[in-house]
Structure formats: C-alpha cells, structure tokens
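**Student:** Just dropping this structure here.
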Amino acid sequence: MQSTDRNNDIEPTERSRTVGFELEFAGVGLARAADIIQELFGGRIEKHSQAELTVNDTKLGSFRLELDAEPIKKLSQFLESQDNSKEPLDSLYQQSAQTFSRAVNEAGAKIVPYEIVMPPVSISKISEMDKIRARLCDASAKGTREAFYYAFGLHINPEIEEESPEYLLAHIRAFSLLEPWLNVAHDVDVTRKLSPFVEAYPKAYLHHIFTEGYRPNLDQLIQDYHYYNPSRNKALDMLPVFAHLNNDLVRKLYGPEEKINARPTFHYRLPNCDLSDPNWSLLKEWELWLKIEKLASYPAQMSELFSAFMDTEKRNAVTLLHNKDEYVTEVQRMMDGCHAA
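Here my numbering is used: the sequence shown runs in plain steps of one and ends on residue 339.
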C-alpha cells in the first residue's frame, strides 16, 4: 500500500522530533512531586505560590507544577502576595491569608488535579519521563480511576513535522476516523468520557473535512475548525498549533481571554492518567498516538475508512454509537492492514 512516507514505520527512538507531556494527578503534593523531579534530574526548585512551582535547569529542561485551576491559582497568588505588616491585626490577617491559601490548595485538589507540565524532550527520552511516572506511583499518587470525580488526563504534545494545511488536515482526518477505536485502545475512563474536556469532533465536521475537493489554505482550515468546534475542549485540540501559525486569527475567533498556549505541537488530550497502575506508561500512550500519525500518511486508506463510517452511519440514522463495536472492528481491521503494508 502506498503511503506519503511522513511517518511510515518510524520507531519512537529513531525520531528527531520532540514531545511534551502533561500529567494530572492527586495524592502527592506539589512540593513532593518537585522533590521527585529534582532527585531524578537535578535542577533547582522555585516556589511561586502554594499552587505553583517550577523545577528549573534540570538535565531535561524546566518543569512546571501547578494546581490546574486558574481561579484557585489566582486566589492563592493574591493571598500569598499580602506582605507581613508591623501592625498586629495586619500580621494576623497575613497569617490567616497564608492558612486560607493552603486550605484552598488542598480543597481544590479534590476537584481539580495537580499537574506536571514536562519540557519537550526527544522521543528517545520518553523512557526518562516515565521515571517520574514510576516514582509518583511509588509515592501513592492517585490517577484517573481512583475516584469517580477524578477525570484526570495525560496530555501529549507532539511537535509538528510540517506547517502545511495539508499535513494538519491529514492528522485531523486521521484522528476523527480513529476516535471511536482510540477510546477503546486507551480504555478511556467513563468519567473522562462524560467530562467536557475530551469531546469528539462533531460528525458534521467529519463530513465537511471529507468533502470531495476540500483543500483549504491555513486560514480557511482554522476558520472551518472554529465554525464546527467553537470550544477548545476537544480530544485533539488544534488551537495551540493554529495559534502558533496565526495567533491573530485564532484570538479573533476564540477571544483574547481563552487559555491557548501557542506552540508548534498537537495537543492530544484523550488518554487517562493511570499513575496508580504500575503497568501504565507514557510510552504505551505515545505508541497509540503514533497510530494517528501513521494513518495520516495513508490518504487512500482514510478514504476507505470514511466510507466504512458512512456505511455504518446509514445503517443507524440516529447515532453511530449503536454500531460502535462494528465500526471499531472495521477500524482495527484497517489498522492491521496498514501495519502489514
């Protein structure tokens, strides 16, 4: 089978690209997590607030650790910004503010996760990042399945290889077709499926991007993406790379207040963060991401899979979900053929 040969049969250890990871978890405080990173990779710890730390100048780069809730971070920073006063009452207020800041931090962690934002590393260094996962597991960190309200995720940020709209569209198409299969392959927790953070692209968008002759330029690709996906809370969030390529347009469409970190990466948010499972690893989740990249390099196979999607949809005019198992089986057959090619 003919491929465009962008990612054909490339092992992670052979790639010169970089990838970043973001881990969401509970059960291990930010200070202890920072100590673990420092013990593994050196560096210096800098505390910005009870809700935000960095480990700078490690042998792999700088790590950011935070309570992943912007309102709570801002409140914590404000409370801790209150200077000590010479007045007894003011001093008492300052001490109370610090105590309340710690309480906010601890209470918030029951609802929103702690997060480690890892620096981009070469793909051959993923095993190094997995050492953090192993140490957090040993320290009894709690992952996705530890509580019904832990919709914790692993975010994967692979560096793009091209900036062309054709390249980006191919990956959007590949993910759209693989999404039902990926939910099974990642064993995505039901809490995450019910959360608003990893929504699939709407079927109308899938139909649109597979319209015959659809060859948008970059601006049109971004505008169409926004029309069908006005929220950034998608399992494959394209806004970071779109903002990297045309920040003005993205801000015009999504608003200046939307939390979008422009960078030359995809932002893949579907996997669980199963830190409490000793058999779970970043590398395993990365290898599933590579399935998207591989399919993206086979346009003919994507067209065939879209036809299978359409056939399944026609057999169930209400929703694809009723025939999900049938479609997932077809995707698996297709992926097996792609692997053998």
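Note that beta-carbon positions come from the ideal geometry of N, C-alpha and C, so glycine has one too.
1) Using 8 Å as the threshold, is the segment 266 to 284 in touch with the segment 142 to 153, meaning 3 or more CB pairs across them?
2) For residue 180, count neighbouring C-beta atoms within 10 Å of its own C-beta (all shown protein chains included) and say buried if the count is 16 or more, exposed if not.
3) Am I right that residue 183 and residue 286 are in contact with their C-beta atoms under 8 Å? What's the rounded C-beta distance?
4) Let me confirm a value: residue 192 is counted as buried when at least 16 other C-beta atoms fall within 10 Å, else exposed. Which label applies?
5) Please report the residue range of the alpha helix (DSSP H) in which residue 217 lies.
6) Give me the Cα-Cα distance between residue 1 and residue 299, rounded to the nearest whole angstrom.
7) Which stretch, first to last residue, makes up the alpha helix (DSSP H) that contains residue 55?
8) Three Cβ pairs or more, each shorter than 8 Å: is that satisfied between the segment 325 to 333 and the segment 289 to 308?
9) If the criterion is Cβ atoms closer than 8 Å, does the pair residue 231 and residue 194 meet it?
10) Below 8 Å CB to CB, which residues in the same chain sit around residue 6 once its five sequence neighbours on both sides are set aside?
11) Answer with buried or exposed for residue 202, where buried requires no fewer than 16 other C-beta atoms within 10 angstroms of its C-beta.
12) CB-CB under 6 Å to residue 72, same chain, minus the five flanking residues each way: which ones, in chain order?
13) Does the beta-carbon distance from residue 272 to residue 141 come in below 8 Å?
14) For residue 316 and residue 325, I'd like the C-alpha separation in whole angstroms.
15) Which of the three DSSP states, helix, strand or coil, is assigned to residue 209?
16) DSSP state of residue 305, grouped into three classes?
17) Give the DSSP-derived three-state secondary structure of residue 257 in the structure shown.
18) Enumerate in chain order the residues of its own chain whose CB-to-CB distance from residue 301 is below 8 Å, with the five nearest sequence positions on each side excluded.
19) Please report how far the alpha carbon of residue 31 lies from the alpha carbon of residue 134, in whole angstroms.
20) Check whether the Cβ atoms of residue 228 and residue 260 lie closer than 8 Å to each other.
21) Within 10 angstroms of its Cβ, does residue 136 collect 16 or more other Cβ (buried), or is it exposed?
22) If you follow the beta strand (DSSP E) that residue 65 is part of, which residue opens it and which one closes it?
23) The ligand SAM heavy atoms versus the CB of residue 298: any closer than 7 Å?
24) Apart from the five residues just before and just after residue 177, which ones in its own chain have a Cβ nearer than 6 Å to its Cβ?
25) Using only CA atoms, which one of 240, 128, 116 and 258 lies nearest to residue 279?
26) Output the residue ranges of the beta strand (DSSP E) runs that lie fully inside the segment 268 to 312 and measure 3 residues or longer, sorted by chain position.
27) Round the Cβ separation of residue 114 and residue 61 to the nearest angstrom and send it over; I've been treating them as touching at under 8 Å.
**Tutor:** Concretely, from the data shown:
1) Here the segment 266 to 284 makes contact with the segment 142 to 153; the two share three or more CB pairs at distances below 8 Å.
2) Taking the sequence shown and counting its residues from 1, the one referred to as residue 180 is at position 182. So residue 180 counts as buried.
3) Looking up residue 183 in the sequence shown gives position 185. Looking up residue 286 in the sequence shown gives position 288. Rounded, the Cβ-Cβ distance is 5 Å, consistent with contact.
4) Position 194 of the sequence shown holds residue 192. When all chains shown are included, residue 192 counts as exposed.
5) To locate residue 217, count along the sequence shown from 1; it is residue 219. Taken as a continuous stretch (DSSP letters only), the alpha helix (DSSP H) holding residue 217 covers 216 to 226.
6) Position 3 of the sequence shown, counting from 1, holds the residue named residue 1. Position 301 of the sequence shown, counting from 1, holds the residue named residue 299. Note on residue 1: pLDDT 42, under 50, position unreliable in the model; the coordinate value appears next. Those two C-alpha atoms are separated by around 9 Å.
7) On the sequence shown, position 57 is the one that residue 55 refers to. Premise fails: residue 55 lies in the beta strand (DSSP E), 50 to 56, not in any alpha helix (DSSP H).
8) Taking 8 Å as the limit for Cβ pairs, the verdict is that the segment 289 to 308 does touch the segment 325 to 333.
9) As a working note, residue 231 is residue 233 in the sequence shown. As a working note, residue 194 is residue 196 in the sequence shown. Yes, the Cβ-Cβ distance between residue 231 and residue 194 is below 8 Å.
10) By one-based count along the sequence shown, residue 6 stands at place 8. Its pLDDT being 40, under 50, residue 6 is placed unreliably in this model, and the value from its coordinates should be taken loosely. These residues qualify, in order along the chain: 292 and 295.
11) If you number the sequence shown from 1, residue 202 lands on position 204. Exposed: under 16 other Cβ atoms inside 10 Å.
12) Here residue 72 is taken as the residue at index 74 of the sequence shown, counted from 1. In this predicted model, residue 72 has a pLDDT of only 48, less than 50, meaning its place in the structure is not dependable; the value taken from the coordinates is given anyway. None.
13) By 1-based counting over the sequence shown, the position of residue 272 is 274. By 1-based counting over the sequence shown, the position of residue 141 is 143. Yes, these two residues count as a Cβ contact at 8 Å.
14) Here residue 316 is taken as the residue at index 318 of the sequence shown, counted from 1. Here residue 325 is taken as the residue at index 327 of the sequence shown, counted from 1. Unreliable positioning characterises residue 316 in this predicted model, as indicated by a pLDDT of 44, which lies under 50. A coordinate reading is not provided.
15) For the purposes of this step, residue 209 is taken as residue 211 along the sequence shown, with counting starting at 1. Here residue 209 sits in coil by DSSP.
16) As a working note, residue 305 is residue 307 in the sequence shown. Three-state result, residue 305: helix.
17) Walking along the sequence shown from the start, residue 257 turns up at place 259. In this structure, residue 257 counts as coil in the three-state DSSP scheme.
18) Translated into the one-based positions of the sequence shown, residue 301 becomes position 303. Result list for residue 301: 208, in chain order.
19) Start at 1 with the first residue of the sequence shown, and residue 31 comes out as number 33. Start at 1 with the first residue of the sequence shown, and residue 134 comes out as number 136. Each residue's alpha carbon lies about 7 Å from the other.
20) As a working mapping, residue 228 is identified with position 230 in the sequence shown. As a working mapping, residue 260 is identified with position 262 in the sequence shown. No, Cβ-Cβ distance for residue 228 and residue 260 is not below 8 Å.
21) The residue you call residue 136 lines up with position 138 of the sequence shown. Looking at its Cβ environment, which holds fewer than 16 other Cβ atoms inside 10 Å, residue 136 is exposed.
22) Working through the sequence shown from its first residue, we reach residue 65 at position 67. Element bounds for residue 65: 59 to 65.
23) The ligand SAM is absent from the structure shown, which contains no ligand whatsoever.
24) For this step, residue 177 is matched to residue 179 along the sequence shown. Cβ-Cβ distances below 6 Å link residue 177 to 198 in the same chain, with the five nearest sequence neighbours on each side left out; the list follows chain order.
25) If you number the sequence shown from 1, residue 279 lands on position 281. The candidate whose alpha carbon is nearest that of residue 279 is 128.
26) The beta strand (DSSP E) runs lying completely inside the segment 268 to 312 and spanning 3 residues or more number zero.
27) As a position in the sequence shown, residue 114 is number 116, starting the count at 1. As a position in the sequence shown, residue 61 is number 63, starting the count at 1. Contact holds; Cβ gap of about 6 Å.
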